[in-house]
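Asks:
Numbering (the numbering used here), first residue to last: 1 to 269.
1) Between the Cα of residue 193 and the Cα atoms of 69, 92, 257 and 233, which residue gives the shortest distance?
2) If residue 25 sits next to residue 52, beta carbons under 8 Å apart, how far is it from one beta carbon to the other, in whole angstroms?
3) Where do the ends of the alpha helix (DSSP H) carrying residue 171 lie?
4) Out of 66, 173, 42 and 116, which one is the CA nearest neighbour of residue 85?
5) Buried or exposed: where does residue 249 fall if 16 or more other Cβ atoms within 10 Å of its Cβ makes it buried?
6) Assign residue 190 to buried or exposed, taking buried as 16 or more other Cβ atoms, counted over all protein chains shown, within 10 Å of its Cβ.
7) Tell me, which residues are paired with residue 160 by DSSP?
8) Is DSSP giving residue 115 helix, strand or coil here?
9) Count the other CB atoms within 10 Å of the CB of residue 174; is the residue buried (16 or more) or exposed (fewer)?
10) Can you tell me whether residue 200 is helix, strand or coil according to DSSP?
11) Measure the CB-CB distance between residue 160 and residue 195 and report whether it falls below 7 Å.
12) Touch check for the region 53-70 and the region 194-211: three-plus C-beta pairs under 8 Å?
13) Which same chain residues end up closer than 7 Å to residue 98 when comparing Cβ atoms and leaving out the 5 residues on each side of it in sequence?
14) I need the straight-line Cα distance from residue 213 to residue 144, nearest angstrom please.
15) Would you call the region 213-225 and the region 237-245 in contact, with 3 or more CB pairs under 8 Å?
16) Rounded to the nearest angstrom, how far is the Cβ of residue 44 from that of residue 29, given a contact under 8 Å?
17) Identify every residue that forms a DSSP beta bridge with residue 132.
18) From residue 13 to residue 182, what does the alpha carbon distance come to, in whole angstroms?
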(Lines of atoms letter the chains of each structure in order from A and count residues from 1; the text may use other names and numbers.)
(Lines give C-alpha, C1' and ligand atoms only; values in the text may rest on other atoms or scores of the structure.)
Protein backbone atom coordinates (compact mmCIF):
# COMPACT_ATOMS: atom_id res chain seq x y z
CA UNK A 1 0.00 0.00 0.00
CA UNK A 2 2.29 2.74 -1.24
CA UNK A 3 2.05 6.23 0.18
CA UNK A 4 2.39 8.97 -2.45
CA UNK A 5 2.97 11.58 0.26
CA UNK A 6 6.19 10.07 1.55
CA UNK A 7 9.57 11.51 0.54
CA UNK A 8 12.10 9.72 -1.64
CA UNK A 9 14.26 7.12 0.07
CA UNK A 10 13.36 3.94 1.90
CA UNK A 11 9.78 3.39 2.96
CA UNK A 12 9.82 3.23 6.76
CA UNK A 13 7.24 0.95 8.37
CA UNK A 14 6.72 0.56 12.11
CA UNK A 15 5.57 -2.96 13.02
CA UNK A 16 3.57 -2.29 16.15
CA UNK A 17 1.00 -3.65 18.55
CA UNK A 18 1.10 -2.92 22.27
CA UNK A 19 -0.11 -6.47 22.96
CA UNK A 20 2.64 -9.06 23.24
CA UNK A 21 2.64 -12.46 21.59
CA UNK A 22 0.83 -11.41 18.41
CA UNK A 23 3.60 -12.34 15.96
CA UNK A 24 5.03 -8.85 15.66
CA UNK A 25 8.72 -9.78 15.50
CA UNK A 26 7.96 -12.86 13.41
CA UNK A 27 6.10 -10.66 10.96
CA UNK A 28 8.91 -8.09 10.81
CA UNK A 29 11.53 -10.76 10.10
CA UNK A 30 9.52 -12.68 7.53
CA UNK A 31 8.08 -9.70 5.67
CA UNK A 32 11.66 -8.44 5.40
CA UNK A 33 12.83 -11.81 4.09
CA UNK A 34 9.97 -11.93 1.58
CA UNK A 35 10.78 -8.42 0.33
CA UNK A 36 14.41 -9.46 -0.09
CA UNK A 37 13.27 -12.42 -2.19
CA UNK A 38 11.47 -9.89 -4.38
CA UNK A 39 14.74 -8.05 -4.97
CA UNK A 40 14.38 -5.35 -2.31
CA UNK A 41 17.11 -4.21 0.09
CA UNK A 42 15.76 -4.09 3.63
CA UNK A 43 16.84 -2.86 7.05
CA UNK A 44 15.22 -4.10 10.26
CA UNK A 45 15.58 -1.67 13.17
CA UNK A 46 15.15 -3.62 16.40
CA UNK A 47 13.93 -1.28 19.15
CA UNK A 48 12.52 -4.00 21.39
CA UNK A 49 14.78 -4.38 24.46
CA UNK A 50 14.17 -8.13 24.29
CA UNK A 51 16.16 -8.15 21.03
CA UNK A 52 14.15 -11.00 19.54
CA UNK A 53 14.50 -9.78 15.95
CA UNK A 54 18.28 -9.62 16.41
CA UNK A 55 18.42 -13.12 17.90
CA UNK A 56 15.96 -14.45 15.30
CA UNK A 57 18.33 -13.36 12.53
CA UNK A 58 21.36 -14.97 14.14
CA UNK A 59 23.08 -11.86 15.50
CA UNK A 60 25.22 -13.05 18.38
CA UNK A 61 25.10 -10.83 21.49
CA UNK A 62 28.88 -10.40 21.22
CA UNK A 63 28.36 -8.84 17.78
CA UNK A 64 26.12 -6.12 19.23
CA UNK A 65 28.85 -3.73 20.40
CA UNK A 66 26.77 -0.81 19.15
CA UNK A 67 23.00 -1.06 19.14
CA UNK A 68 19.83 0.93 18.61
CA UNK A 69 20.35 2.27 22.13
CA UNK A 70 23.41 4.13 20.82
CA UNK A 71 21.57 5.11 17.66
CA UNK A 72 18.56 6.64 19.41
CA UNK A 73 20.58 8.44 22.07
CA UNK A 74 22.93 9.84 19.43
CA UNK A 75 26.08 8.09 20.60
CA UNK A 76 26.75 6.35 17.28
CA UNK A 77 25.84 6.84 13.61
CA UNK A 78 23.73 4.31 11.77
CA UNK A 79 26.76 3.06 9.81
CA UNK A 80 28.42 1.92 13.06
CA UNK A 81 25.38 -0.07 14.13
CA UNK A 82 24.22 -1.92 11.03
CA UNK A 83 24.95 -5.64 10.91
CA UNK A 84 24.64 -7.62 7.70
CA UNK A 85 22.63 -10.81 8.07
CA UNK A 86 23.18 -14.05 6.19
CA UNK A 87 20.89 -12.72 3.48
CA UNK A 88 22.56 -10.66 0.76
CA UNK A 89 20.25 -7.64 1.03
CA UNK A 90 18.99 -7.84 4.60
CA UNK A 91 20.55 -5.74 7.36
CA UNK A 92 19.64 -5.21 10.99
CA UNK A 93 20.26 -2.52 13.59
CA UNK A 94 20.31 -4.83 16.63
CA UNK A 95 19.20 -4.20 20.19
CA UNK A 96 20.01 -5.45 23.68
CA UNK A 97 18.44 -5.05 27.11
CA UNK A 98 20.33 -1.73 27.42
CA UNK A 99 17.41 -0.26 25.48
CA UNK A 100 15.08 -0.85 28.43
CA UNK A 101 16.42 2.31 30.09
CA UNK A 102 16.16 4.46 26.95
CA UNK A 103 12.68 5.79 27.73
CA UNK A 104 13.92 7.34 30.98
CA UNK A 105 17.00 8.83 29.34
CA UNK A 106 15.01 10.27 26.44
CA UNK A 107 12.50 12.16 28.59
CA UNK A 108 14.80 15.11 29.24
CA UNK A 109 15.49 15.63 25.52
CA UNK A 110 13.19 18.24 23.99
CA UNK A 111 13.20 16.25 20.73
CA UNK A 112 12.52 13.01 22.57
CA UNK A 113 9.83 11.86 20.13
CA UNK A 114 11.99 12.59 17.07
CA UNK A 115 15.27 10.90 17.99
CA UNK A 116 14.73 7.82 15.83
CA UNK A 117 13.27 9.97 13.03
CA UNK A 118 16.47 12.00 12.94
CA UNK A 119 18.74 8.97 13.23
CA UNK A 120 17.11 7.24 10.26
CA UNK A 121 17.50 10.32 8.09
CA UNK A 122 21.27 10.62 8.41
CA UNK A 123 22.80 11.15 4.94
CA UNK A 124 24.88 7.98 5.38
CA UNK A 125 21.78 5.82 5.02
CA UNK A 126 21.59 6.71 1.31
CA UNK A 127 24.71 4.64 0.58
CA UNK A 128 22.85 1.43 1.43
CA UNK A 129 20.00 2.16 -1.03
CA UNK A 130 17.41 0.58 1.26
CA UNK A 131 13.98 0.11 -0.25
CA UNK A 132 12.34 -0.59 3.10
CA UNK A 133 13.10 -0.02 6.76
CA UNK A 134 11.00 -2.12 9.16
CA UNK A 135 11.01 -1.02 12.80
CA UNK A 136 10.27 -3.85 15.22
CA UNK A 137 8.60 -2.12 18.18
CA UNK A 138 8.35 -3.25 21.81
CA UNK A 139 4.94 -4.58 22.98
CA UNK A 140 3.92 -1.29 24.61
CA UNK A 141 2.83 2.20 23.62
CA UNK A 142 6.04 3.56 25.13
CA UNK A 143 8.27 6.44 24.07
CA UNK A 144 10.22 3.96 21.96
CA UNK A 145 7.07 3.02 20.05
CA UNK A 146 6.15 6.70 19.68
CA UNK A 147 9.62 7.29 18.22
CA UNK A 148 9.01 4.51 15.72
CA UNK A 149 5.69 5.98 14.61
CA UNK A 150 7.11 9.49 14.32
CA UNK A 151 9.95 8.08 12.20
CA UNK A 152 7.69 5.94 10.03
CA UNK A 153 5.62 6.56 6.94
CA UNK A 154 3.15 3.86 7.97
CA UNK A 155 2.29 1.31 10.65
CA UNK A 156 1.86 -2.42 10.04
CA UNK A 157 -0.29 -3.99 12.77
CA UNK A 158 -0.13 -7.75 13.40
CA UNK A 159 -3.38 -8.88 15.02
CA UNK A 160 -3.63 -12.31 16.57
CA UNK A 161 -6.73 -14.30 15.72
CA UNK A 162 -7.97 -14.64 19.30
CA UNK A 163 -10.97 -13.53 21.36
CA UNK A 164 -9.59 -10.26 22.79
CA UNK A 165 -7.70 -9.28 19.64
CA UNK A 166 -9.71 -6.17 18.81
CA UNK A 167 -9.93 -4.83 22.36
CA UNK A 168 -6.47 -3.29 22.49
CA UNK A 169 -6.53 -2.07 18.93
CA UNK A 170 -8.56 1.06 19.70
CA UNK A 171 -5.77 2.51 21.86
CA UNK A 172 -3.22 1.92 19.11
CA UNK A 173 -5.48 3.63 16.57
CA UNK A 174 -5.97 6.54 18.96
CA UNK A 175 -2.21 6.93 19.38
CA UNK A 176 -1.76 6.97 15.61
CA UNK A 177 -4.45 9.64 15.25
CA UNK A 178 -2.83 11.76 17.97
CA UNK A 179 0.59 11.51 16.34
CA UNK A 180 -0.88 12.54 13.01
CA UNK A 181 -2.20 15.69 14.69
CA UNK A 182 0.98 16.52 16.61
CA UNK A 183 4.16 15.01 15.17
CA UNK A 184 3.70 13.06 11.94
CA UNK A 185 0.80 14.34 9.82
CA UNK A 186 1.46 11.92 6.94
CA UNK A 187 1.48 8.77 9.09
CA UNK A 188 -0.79 6.08 7.67
CA UNK A 189 -1.80 2.55 8.55
CA UNK A 190 -0.02 0.20 6.19
CA UNK A 191 -2.54 -2.45 7.10
CA UNK A 192 -3.63 -4.95 9.72
CA UNK A 193 -2.47 -8.52 9.21
CA UNK A 194 -4.21 -11.38 10.97
CA UNK A 195 -1.68 -13.81 12.46
CA UNK A 196 -1.72 -17.28 14.02
CA UNK A 197 -5.02 -18.04 12.32
CA UNK A 198 -6.61 -21.46 12.10
CA UNK A 199 -9.52 -21.26 9.69
CA UNK A 200 -10.74 -24.67 10.84
CA UNK A 201 -11.41 -23.03 14.19
CA UNK A 202 -14.74 -21.21 14.54
CA UNK A 203 -13.29 -18.60 16.90
CA UNK A 204 -10.45 -17.79 14.49
CA UNK A 205 -12.95 -17.36 11.68
CA UNK A 206 -15.16 -15.16 13.84
CA UNK A 207 -12.24 -12.90 14.76
CA UNK A 208 -11.39 -12.53 11.08
CA UNK A 209 -15.00 -11.70 10.22
CA UNK A 210 -15.19 -9.14 13.04
CA UNK A 211 -11.87 -7.56 12.06
CA UNK A 212 -12.96 -7.17 8.45
CA UNK A 213 -16.34 -5.78 9.49
CA UNK A 214 -14.75 -3.32 11.91
CA UNK A 215 -11.65 -2.32 9.93
CA UNK A 216 -12.70 -2.92 6.33
CA UNK A 217 -9.95 -2.37 3.76
CA UNK A 218 -7.36 -1.86 6.49
CA UNK A 219 -7.17 -5.65 6.86
CA UNK A 220 -4.89 -7.42 4.39
CA UNK A 221 -6.46 -10.21 2.38
CA UNK A 222 -3.47 -12.38 3.30
CA UNK A 223 -3.87 -14.21 6.60
CA UNK A 224 -0.86 -15.74 8.34
CA UNK A 225 -1.74 -19.27 9.49
CA UNK A 226 -0.76 -20.90 12.73
CA UNK A 227 2.15 -22.97 11.45
CA UNK A 228 4.71 -24.99 13.38
CA UNK A 229 7.46 -24.09 10.89
CA UNK A 230 6.95 -20.38 11.62
CA UNK A 231 7.33 -21.12 15.34
CA UNK A 232 10.43 -23.27 14.87
CA UNK A 233 12.37 -20.96 12.54
CA UNK A 234 13.60 -18.43 15.18
CA UNK A 235 15.28 -21.20 17.17
CA UNK A 236 17.40 -21.84 14.06
CA UNK A 237 18.08 -18.08 13.74
CA UNK A 238 16.49 -17.72 10.36
CA UNK A 239 13.25 -16.57 8.70
CA UNK A 240 10.75 -19.30 7.92
CA UNK A 241 11.30 -18.51 4.23
CA UNK A 242 14.82 -19.92 4.63
CA UNK A 243 14.02 -22.57 7.23
CA UNK A 244 11.20 -24.17 5.24
CA UNK A 245 10.61 -22.26 1.98
CA UNK A 246 7.62 -24.40 0.99
CA UNK A 247 5.74 -24.22 4.29
CA UNK A 248 2.33 -22.60 4.55
CA UNK A 249 3.80 -19.89 6.74
CA UNK A 250 6.50 -19.01 4.21
CA UNK A 251 3.99 -18.85 1.38
CA UNK A 252 1.72 -16.60 3.45
CA UNK A 253 4.49 -14.10 4.17
CA UNK A 254 5.40 -14.05 0.48
CA UNK A 255 1.77 -13.26 -0.32
CA UNK A 256 1.72 -10.52 2.32
CA UNK A 257 4.85 -8.88 0.89
CA UNK A 258 3.32 -8.91 -2.59
CA UNK A 259 0.14 -7.38 -1.23
CA UNK A 260 2.15 -4.65 0.49
CA UNK A 261 3.78 -3.78 -2.83
CA UNK A 262 0.45 -3.31 -4.59
CA UNK A 263 -0.08 0.35 -5.59
CA UNK A 264 -3.09 1.10 -3.41
CA UNK A 265 -4.27 4.38 -1.98
CA UNK A 266 -3.17 4.51 1.67
CA UNK A 267 -5.89 4.38 4.30
CA UNK A 268 -5.92 6.82 7.21
CA UNK A 269 -6.24 5.88 10.84
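A virtual CB, placed ideally from N, CA and C, is assigned to each residue, including glycine.
Replies: Answer, in terms of the structure:
1) 257
2) 5 Å
3) 169-182
4) Looking only at 66, 173, 42 and 116, the smallest Cα-Cα distance to residue 85 is reached by 42.
5) buried
6) buried
7) 195
8) helix
9) Classification of residue 174: exposed, given that the 10 Å Cβ count is below 16.
10) Three-state result, residue 200: coil.
11) yes
12) Between the region 53-70 and the region 194-211, the count of Cβ pairs shorter than 8 Å is below three; the stretches do not touch.
13) 67 and 69
14) 31 Å
15) Verdict: no, contact absent.
16) About 7 Å separates the two Cβ atoms, so the contact holds.
17) Residue 132 pairs with 11 and 42.
18) 19 Å
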